[in-house]
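Protein chains in written order, with my numbering: chain A, 335 to 587; chain B, 335 to 587; chain C, 335 to 587; chain D, 335 to 587; chain E, 335 to 587; chain F, 335 to 587.
The C-beta atom is built at its ideal place from N, Cα and C for all residues, glycine as well.
Fair warning: this is a prediction, and the values are worked out from it, not measured in the lab.
Right, one structure below, let's go through it.
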């Protein structure tokens, strides 16, 4: 029995509030337990220099935490004058993960920037950001589709993410902060709606882990991600249909 | 008649949600029309180097906007590697304003850091931040008082702020973004509950203004600030009593 | 009686030496008491990116203090690697103030950069910079006019600035450093030759101030600024005529 | 058949030259095919602030590439003024991996800094750095042991790393640069001498991967890492005995 | 005949105004032709970390140019966020040169910082800075001596500097900006009052130079530096005696 | 007799390994005693902005030391976020020196970047970098010539460099680190194959030096540089002929 009463294979309650921000092309407030992240998607009619002239779009992400997202105040990276390694690692991960389910050529020479701002942290902020950013991105890209700016719908699969870990020999799904700081093994997994892996990042700094533990963690992650994706489907409504349609079309190529 | 139907001397609806964040010692979500700011207050048992050894506390503020707080995405200052002039100017203003109603010696060698993060902007973000930060600060300092860490209550007055401006010869209270961008004269005013001025910052870059216009703007500002302060009193409840008590004690010295 | 023997409504001696620098298009050394600032105006045949293609010019300012302008050596901002908040605030103020009396469309797609370098500080460096920069700007723009590069003279009013403050219930004009550090209320005012306000920045961090005090301070400021502007007129000589002519023409539109 | 004639499960030739640098406490030049990395280990009698007073040591790493390590010259991060996200990610990975086989309390309040400088890159620079840095670290720590500065030998297992990937449905071991740029799936794995996982980082940005592919990649990685570790054992000679002894002692606790 | 009518072995007019700044412990305005530099000396009762606890003092320098010191406006290094290579090179040179004539142990654990700010540039700004900074330093250190804070006078020789160069096969003394930009060979020389070399920095980027040219340049430099030093002696008055006395004492050790 | 048994006028053993790096257009590993530097030359078909449109090329250099090139680990400049003054000074020197023997117009609108990375330091790293960089540059430019991209061979002389210094009244050639730290006078000299000076940088911070000492040092430097240049000729083989041919052609103009 976990400190908050959950079973080992149970995620915390998930709540996704769409269109949380009046300015952004797509936005959500995603809450996974006490972890709360505002994800906004911005569409811009230009791509970064290294993508110019290829007729393809780009998807990228930025991640930040408000100073009191955490129990102890963390100094702003803007005040320090540079991004920390953890931030860079996370925003590279989010961008890479989202790009795996978008056909960049179908997006045209546009970029989608996902801003993931953690307003309250309680473990799993990077995986929650990925799950939320997917929804914000889908809403924004759907507006492009509605405005007839796209030749075909570019998102070809759902994408969710959870963390898993091992505490006292026990594999657990969706660690909160308290559990995360006790875990000897910590793994973040990103998977598609069709059950394929996009990212597997497991770390056993405290204690190397066996193949058997790895297998257990991957199973739990799959379970948790399916549950995240069904929340996405609910909140996306008719947009979910378009994703499934695009997936179907892509699989026939 | 203004675009959103308000009278010239009317503020937008104000909503202050206290204890919005589970980690911070004090916190609010303040909404003034579509402008939304999360204000958190952090208490730390240390003061900056220039205040050390004086037996006094310090109050300071930081201000930031999420990238899509605005209609067009603004680049993160953390990514640019430095704070812009506007940000610095605003956070210096917020800190200075809050310190004007706190007796730093009554705080002890502690610092209160107010983080004002604009999650959606529609004009008046700096004045809204001041009004909200005051409440977050009062909640946090009240916890110190409750924990018997203070010899007397250090907040000796309420503090509210609004913007005022002149559009087509007409003085208006609490400009939204649309009005702000049309205003020839723009003024931010901070006042105490007892009706004294803490900051008056009027700018007529587009068009220098007369003494008569200045007088009209100051009257409107006073009106608006009284209304902000009555919202603060409501949400602070019993803490309001403590502020009034401290004000009374201070006035007798 | 003030420490240097002045009356409450008296400024320090003002001396403006024009053409102090052989390279700049316009330059002055301005001395207000022991405060000494070199102001140079640079004309460049280009505007910043955000102004491009509008057929209008731009006026901007930079402000800095030599390390030993002050009693205690202050570290160079170039060595610290960033501009401080105070510097940014001041240079934004100077640029904004100067733009209020320049018709940017009459300047053509050119920029005027005012560099205000304080070589000795004794209070009022920002207001002295504004008063001096106005003269340097007028000299530089007059050269453009002499060279027949302008369709009409773009400066439509004089512009002066002083600081005022309250010490022991007494409102005083043009504070020196010593007075400034004792003042409970501190206000910087910028006005035009025709007596309109361009900037009013009053701060009562130490002690909020009443409407009556505000009124007294504004009167003193007006007096002081008139005296600054008559110094400008003397040093500008025939250029003063051109400004008056442009003011007259502008008022008829 | 691969472009350089290797089998799918074959690594490139590995050469580890110990004591390559006369100043460092431990050093190697490691060559894996055309990838060449200088790894130096520096022992300092102090720990970073967050580790102070715990009686434990610290192991950390820095990673860099010479500008012409790569086919196209890459700009120095010192000239750009900041570390890129890739560099930060890699050096965090190297440090974390090395710490997993060191008992920090047995190190005493000392730090070991591993500098991994890629002088020529041809794929797998981060995994090669880990394999080489382990040897440099072992040499440096062994000197501490020889000097009787340690109560027990702190390295309790070997540590090696390889990259694996999928090209055209085929899982391959130890990708060179050419293969790496064609791979749809890319995975870096770090394992101990006793066959446990320390890091598993798999990315399918180009194409999500199945559980079956994951399993194949993990098997190849295990094979490759065993071969890296036997090179380490050869070059470490008698120091290998000490590691095995420490491993044995640790397993009995 | 040179453009300004000087002979090849003639310096421009030199004017040194002592005590130019009311705050600094020592200060001059030095003018060599149209090159004008404000040099201030700051005494602080502390030394940099690498000098602590040795009972010795430190002398260091900073160098900067106002934006319009030059014909074309140069961007502030504070705005660019970093010091350029030329600035660093010059300030290292100034500090090193001044230290060569100061007995650091006689200074006590104090530092002298020389700020050299070029307010107008016309060639030779670094050599003019050295000549001027020497005087500012002597005035400041003399105050320490007058205040009985020193066991003996620490400055043991005069120090002057000039530039020399070759234009069209002709060696010239004290190049102005115009000459400097035409010179094929450019040399900065620093010498003591007793005729020894402290720095010789000759560069023939445009055209390598012969031993014979080098010899001619060194002779001219010696001549020019003697003339700079006699200006220093005049302006220093009685302080010159103290330097000569210290030189005499030092030579007997 | 020197600590390593050399005579006063003897350099350490020199070894230049050409084509040390498989990616760079030109490269060497140069070893002078225990000082080891990797020099790579990169050809790019563009010039920096200030050289554009002149039909001429550019040669520039960057210099860095690996953290453990030195006896005590030095912090990376990339981690500190800026280049130090010493690095800037050295890389400016290397670039300037190399340009003195290249006819930039014969290079076409191309740039050659020399990266000098010190992998082990034992004195003379800047002079060794110049000697090695010359060879790397010659190899790279020769490839351009071989590819018929140049109208004539642009390198018109050899270029070598050594350090010299005075220890206990004795002038010594090619100081190692130990000697360098004891030297009262320290001089770096760069000369061409035809015996002309390109750079003379002598510093007597510890002790000003006489004209006689200067003369002795220059003689030793000439001797040492001749020996460096004969090593260059050996390793360059047939490319040496091309340089001699270009020198001959240039001397006839």
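With a threshold of 8 angstroms between beta carbons, residue 422(A) makes contact with chain D. As the crow flies, the alpha-carbon of residue 581(B) is around 36 angstroms from that of residue 426(C). Excluding its 5 nearest sequence neighbours in each direction, residue 409(E) has no C-beta neighbour in its own chain below 6 angstroms. Our two residues, residue 449(A) and residue 376(A), have alpha carbons roughly 8 angstroms apart in a direct line. In the three-state reduction of the DSSP assignment, residue 352(C) falls in the strand class, which pools E and B. Among the CB atoms of chain F, one or more fall inside 8 angstroms of the CB of residue 433(E).
Shown here, residue 384(E) sits in a helix according to DSSP, grouped into three states. Ranked by how close their Cα comes to the Cα of residue 463(F), the residues 380(F), 349(F), 416(F) and 586(F) have 349(F) in first place. For the segment 439–463 of chain A, the beta-carbon criterion of a distance under 7 angstroms to any beta-carbon of chain D is satisfied by none of its residues. Spatial neighbours of residue 466(C) in its own chain (CB-CB distance under 6 angstroms, excluding positions within 5 residues in sequence) are listed in chain order as 362, 364, 371 and 373. At least one CB of chain D lies nearer than 8 angstroms to the CB of residue 536(A). Distance from the CA of residue 558(E) to the CA of residue 522(E), rounded to the nearest whole angstrom, comes to 11 angstroms. Taking the Cα positions, residue 402(C) is about 10 angstroms away from residue 447(E). Per DSSP, residue 477(D) is not a residue of any beta strand (DSSP E); the alpha helix (DSSP H) it occupies stretches across 459–480.
Just so you know, the alpha carbons of residue 473(F) and residue 359(F) end up roughly 7 angstroms apart. In this structure, residue 487(D) places its C-beta atom within 8 angstroms of the C-beta atom of residue 579(D). Between the alpha carbons of residue 385(E) and residue 454(D) lies a gap of roughly 40 angstroms.
Counting only the Cα atoms, residue 527(E) lies some 39 angstroms from residue 491(F). If you keep only unbroken beta strand (DSSP E) runs of at least 3 residues inside the segment 525–568 of chain D, you get 531–537.
Residue 470(D) places its beta carbon 8 angstroms or farther from that of residue 428(D). At least one beta carbon of chain C lies nearer than 8 angstroms to the beta carbon of residue 416(B). Only residues of its own chain outside the window of five on either side were considered, and among them 465, 559, 562 and 563 have a CB closer than 6 angstroms to the CB of residue 494(F), listed in chain order. In this structure, residue 507(C) keeps its C-beta atom at 8 angstroms or more from the C-beta atom of residue 519(C).
For chain B, none of the residues of the segment 502–531 of chain A brings a beta carbon within less than 7 angstroms of one of its beta carbons. Between residue 399(E) and residue 423(F) a beta carbon distance of about 18 angstroms is seen, past the 8 angstroms cut, so the two are scored as non-contacting.
Interface criterion not met: the Cβ of residue 407(C) is under 8 angstroms from no Cβ in chain B. Note that the C-beta distance between residue 532(C) and residue 538(B) is below 8 angstroms.
Excluding its 5 nearest sequence neighbours in each direction, residue 379(C) has C-beta neighbours in its own chain below 7 angstroms: 444, listed in chain order.
Here the C-alpha atom of residue 571(F) lies approximately 39 angstroms from the C-alpha atom of residue 498(E).
Not a single CB atom of chain A sits nearer than 8 angstroms to the CB of residue 475(B). At least one CB atom of chain A sits nearer than 8 angstroms to the CB of residue 543(D). For residue 428(E), there is no enclosing beta strand (DSSP E); the enclosing alpha helix (DSSP H) has its first and last residue at 419–433. Within a 10 Å sphere around the beta-carbon of residue 412(C) sit 16 or more other beta-carbons, which makes this residue buried. In this structure, DSSP gives residue 514(B) a helical state, which the three-state scheme calls helix.
Note on geometry: alpha-carbon atoms of residue 451(E) and residue 549(E) lie some 32 angstroms from one another.
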